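Visitor:
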Amino acid sequence: MESALRILHVVEEMKNGEKEAFLMNVYRKINRKKIQFDFLTTGDGEFDNEIRQLGGHIYRIPSLSEGYLAHKRSLRQFFKKHRFYIVVHSHLDQWSTFALREARRVGIPVRVAHSYQNANDGSWSLKMRKNIVGLFILFLATDYFACSTDAAKWLFKWKAEKAVLMRNAIDLERFCYSKSTREEMREHLLLTEREFVIGHVGEMTKQKNHSYLLDLFIAFRRRIPQARLVLVGDGPLQREIEEKIDQYKIKEYVHILNNEENQWQWIQAFDVFVYPSLYDGFSTSLIEAQGTGVPILASDTVTKEVDMGYQLIDYISIEEKLLWLEKIERIYSERKRIQVNQATLLESGFELKNLAHETEQRYLELRDERI
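So, in structure tokens, the structure goes:
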């Protein structure tokens, strides 16, 4: 029997973030007799044990932050030793250049760059370096994947039209609203239906704009004292966010839940999902939230391709802080939740089983075209 085609995914670490969770969702659903995933990482991650249980291999090299020369040397040594891969799929946005360069050097025929963002952050000099480095992807990658049209345009420039759009699909069967799940999750937090829960799911980074979210919450609590804030996620800015919570003496009204695999259940507890991201390629958590029927307020930098058509998302400029507050107050007054039909959900184009099958077929087609 023909052995499975092994795909090498180049990532940072397989932590429980949106990008990594998306990869794992696909990995769990693909036919692993036909396709297997291996991972080239720069650190330990929450998904490592599961990857090994599913039959994947995990390789470690020094990260770019540990020094460019050490990173470059390790990449070169790795690809010399593992030149047998047919498909390399890099998920590092502009930094994908380095892995794709070494993959091309040893003759790996299928080199995929995957874009997940529509902008980047950091200092002016860092952005400039990233932008220059990212241009080489256009000549090193053989194929381009993106989570949205905006993400494709951002990373692939004039080649954006060649990009294959891979929406961050989810297992929609789990995401219909459940009153019992809502009650259970609120009970965990010692909350009743009297409290109004403002919720957010996302890694604690500058991009996700938690500082702005805290400002909104503080202002809203002055109007509605029974407001509570639930933050699902962790990240490099967690300590800074916790310090701000302490500074404003709102700790008893804020619940921080580290990146939990059952985040979809916590969304059931929300009365409104507030997502003031500075930029975003495609947010899986917004798909999950729509499945539960919760009203969503998102910044207008978020791609409209995430909208499933249930009229649940309101897009607002970050500059309009008063408008955010007015919208939250209106949702508080209405306390309305839409019951999304599961059959409609499954037909929406965001179903994980379909995406996993399409991904499986695409990898096999790329292999057959190039060898």
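With positions in the sequence shown counted from 1, the corresponding number in the numbering used here is that position plus 46.
Virtual Cβ for every residue (Gly too), placed ideally from N, Cα, C.
Only a predicted model underlies this, so the values are computations on that prediction, with no experimental measurement involved.
Restricting to Cα atoms, I'd like to know which of Lys382, Asn255, Phe182 and Glu404 is closest to Leu283.
Guide: The residue labelled residue 283 in the question sits at position 237 within the sequence shown. Selected option, being the one with the closest Cα: Asn255.
Visitor: So what does DSSP say about Ser111, is it helix, strand or coil?
Guide: Here residue 111 is taken as the residue at index 65 of the sequence shown, counted from 1. In the structure shown, Ser111 sits in a helix (DSSP, three-state: H, G or I).
Visitor: Of the choices Thr347, Val348, Ser331 and Asp346, whose alpha-carbon is the least far from that of Val340?
Guide: Within the sequence shown, residue 340 is the residue found at index 294, counting from 1. Here the closest residue by C-alpha is Ser331.
Visitor: Using the Cα positions of His117 and Leu110, report the straight-line distance between them to the nearest angstrom.
Guide: Within the sequence shown, the letter at position 71 stands for residue 117. Within the sequence shown, the letter at position 64 stands for residue 110. Distance between the alpha carbons of His117 and Leu110 is about 5 Å.
Visitor: For Val179, I'd like the list of residues in its chain whose CB is within less than 6 Å of its CB, leaving aside the five on either flank, ordered along the chain.
Guide: Mapped onto the sequence shown, residue 179 falls at position 133. Hits under 6 Å: Gln140 and Thr143.
Visitor: CA-CA distance, Tyr162 and Phe328?
Guide: As a working mapping, residue 162 is identified with position 116 in the sequence shown. As a working mapping, residue 328 is identified with position 282 in the sequence shown. Distance between the alpha carbons of Tyr162 and Phe328: 7 Å.
Visitor: Using 8 Å for Cβ pairs, my map puts Ile359 next to Asp353. What's the rounded Cβ distance?
Guide: For this step, residue 359 is matched to residue 313 along the sequence shown. For this step, residue 353 is matched to residue 307 along the sequence shown. Indeed, because the Cβ distance is near 5 Å, the residues count as touching under 8 Å.
Visitor: Can you tell which of Ser226, Arg175, Lys80 and Ile81 has its C-alpha closest to the C-alpha of Ile313?
Guide: One-based indexing of the sequence shown puts residue 313 at position 267. Minimum Cα distance to Ile313 is reached at Ser226.
Visitor: Could you round the C-beta distance between Leu260 and Trp370 to whole angstroms and report it? I think they count as a contact, below 8 Å.
Guide: For the purposes of this step, residue 260 is identified with residue 214 of the sequence shown, where counting begins at 1. For the purposes of this step, residue 370 is identified with residue 324 of the sequence shown, where counting begins at 1. Contact between Leu260 and Trp370 is absent: CB atoms are separated by about 12 Å, not below the 8 Å threshold.
Visitor: For Glu397, I'd like the list of residues in its chain whose CB is within less than 7 Å of its CB, leaving aside the five on either flank, ordered along the chain.
Guide: The residue you call residue 397 lines up with position 351 of the sequence shown. Around Glu397: Ala215 and Leu218.
Visitor: For Ala273, which beta-bridge partners are listed by DSSP?
Guide: Taking the first residue of the sequence shown as 1, we reach residue 273 at position 227. Beta-bridge pairing links Ala273 to Phe242.
Visitor: So, at 6 Å on beta carbons, what are the nonlocal neighbours of Phe319 in its own chain, with the 5 sequence-adjacent residues on each side left out?
Guide: Looking up residue 319 in the sequence shown gives position 273. Gly245, Ala335, Val340 and Ile342, listed in sequence order.
Visitor: Beta-carbon separation of Gly102 and Phe83 under 9 Å?
Guide: Along the sequence shown, one-based indexing puts residue 102 at 56. Along the sequence shown, one-based indexing puts residue 83 at 37. Yes, they are a contact pair.
Visitor: Could you tell me the distance, in whole angstroms, from the CA atom of Ser194 to the CA atom of Leu186?
Guide: Within the sequence shown, residue 194 is the residue found at index 148, counting from 1. Within the sequence shown, residue 186 is the residue found at index 140, counting from 1. In a straight line, the C-alpha of Ser194 is about 21 Å away from that of Leu186.
Visitor: Whose C-alpha, out of Asp196, Ile154, Thr238 and Pro322, is nearest the C-alpha of Thr349?
Guide: In the sequence shown, residue 349 corresponds to position 303, counting from 1. Ranking the options by Cα distance to Thr349, first place goes to Asp196.
Visitor: From the DSSP output, in three-state form, read off Gln82 for me.
Guide: Within the sequence shown, residue 82 is the residue found at index 36, counting from 1. It is a strand residue.
Visitor: Provide the residue span of the beta strand (DSSP E) that contains Ile417, from first to last.
Guide: Indexing the sequence shown from 1 puts residue 417 at position 371. Counting along the chain, Ile417 falls outside any beta strand (DSSP E), and DSSP gives it neither H nor E.
Visitor: When DSSP builds the beta bridges, which residues end up paired with Thr87?
Guide: Residue numbering aside, residue 87 sits at position 41 when the sequence shown is read from its first letter. Looking at the DSSP assignment, Thr87 forms a beta bridge with Arg106.
Visitor: Identify, in the order they occur along the chain, each residue of the same chain with its Cβ nearer than 6 Å to the Cβ of His160, setting aside the five sequence neighbours on each side.
Guide: Numbered from 1 along the sequence shown, position 114 holds the residue referred to as residue 160. Around His160: His137 and Phe191.
Visitor: Step through the CB atoms of chain D and report whether any lies within less than 9 Å of the CB of Ala197.
Guide: Although the question refers to chain D, the structure presented lacks it and comprises just one protein chain.
Visitor: Taking the C-alpha atoms as reference points, what is the distance between Gly230 and Asp94?
Guide: For the purposes of this step, residue 230 is taken as the residue at position 184 of the sequence shown. For the purposes of this step, residue 94 is taken as the residue at position 48 of the sequence shown. Gly is not the amino acid found at residue 230; the sequence shown has Glu there. Taking the straight line joining both Cα atoms gives about 30 Å.
Visitor: I need the DSSP call for Leu54, collapsed to helix, strand or coil.
Guide: The count along the sequence shown starts at 1 and reaches residue 54 at position 8. Note: Leu54 maps to strand in three-state DSSP.
Visitor: Short of 8 Å in beta carbon distance, which residues of its chain neighbour Tyr294, apart from the five on each side in sequence? Order them along the chain.
Guide: Residue numbering aside, residue 294 sits at position 248 when the sequence shown is read from its first letter. Only Leu260 and Ile264 meet the Cβ criterion.
Visitor: Enumerate in chain order the residues of its own chain whose CB-to-CB distance from Gln272 is below 8 Å, with the five nearest sequence positions on each side excluded.
Guide: As a first step, residue 272 must be located in the sequence shown, where it is residue number 226. Within the same chain, Gln272 has close Cβ partners Arg240, Glu241 and Phe242.
Visitor: At which residues does the alpha helix (DSSP H) containing His22 begin and terminate?
Guide: Any question about residue 22 goes unanswered here, given that the chain covers just 47 to 417.
Visitor: Got a sec? Which residues, its chain only, sit under 8 Å from Tyr356 by beta carbon, not counting five neighbours each side?
Guide: Stepping through the sequence shown from its first residue, residue 356 is reached at position 310. So the qualifying residues of the chain are Gln336, Gly339, Ile384 and Val386.
Visitor: Using CA atoms only, rank isn't needed, just tell me which of Arg150, Leu86, Ile296 and Leu324 is closest to Leu275.
Guide: Your numbering for residue 275 matches position 229 in the sequence shown. Ranking the options by Cα distance to Leu275, first place goes to Ile296.
Visitor: Roughly how many angstroms separate the alpha carbons of Glu404 and Glu249, rounded to a whole number?
Guide: For the purposes of this step, residue 404 is taken as residue 358 along the sequence shown, with counting starting at 1. For the purposes of this step, residue 249 is taken as residue 203 along the sequence shown, with counting starting at 1. The straight-line gap from Cα to Cα measures roughly 28 Å.
Visitor: Less than 9 Å between the C-beta atoms of Val56 and Tyr409, yes or no?
Guide: Stepping through the sequence shown from its first residue, residue 56 is reached at position 10. Stepping through the sequence shown from its first residue, residue 409 is reached at position 363. Not closer than 9 Å, so no.
Visitor: Just checking my contact of Ile53 with His135 at CB under 8 Å: how many whole Å lie between their CB atoms?
Guide: The sequence position of residue 53 within the sequence shown is 7, counting from 1. The sequence position of residue 135 within the sequence shown is 89, counting from 1. So it is a contact: roughly 6 Å between Cβ atoms.
Visitor: Suppose contacts are defined by Cβ-Cβ distances below 9 Å. Is Thr347 in contact with Ile364 by that definition?
Guide: As a position in the sequence shown, residue 347 is number 301, starting the count at 1. As a position in the sequence shown, residue 364 is number 318, starting the count at 1. Yes, these two residues count as a Cβ contact at 9 Å.
Visitor: Rounded to whole angstroms, what is the Cα-Cα separation between Val156 and Thr87?
Guide: Locating residue 156 in the sequence shown gives position 110, counting from the first residue. Locating residue 87 in the sequence shown gives position 41, counting from the first residue. About 19 Å.
Visitor: For the putative contact between Asp189 and Leu412, defined by C-beta atoms under 8 Å, what is the C-beta separation to the nearest angstrom?
Guide: Your numbering for residue 189 matches position 143 in the sequence shown. Your numbering for residue 412 matches position 366 in the sequence shown. Indeed, because the Cβ distance is near 6 Å, the residues count as touching under 8 Å.
Visitor: Give me, in chain order, the residues of the same chain whose beta-carbon lies closer than 6 Å to that of Gly63; leave out the 5 immediate sequence neighbours on both sides.
Guide: On the sequence shown, residue 63 is found 17 positions in, with the first residue counted as 1. The answer, listed in chain order, is Glu249.
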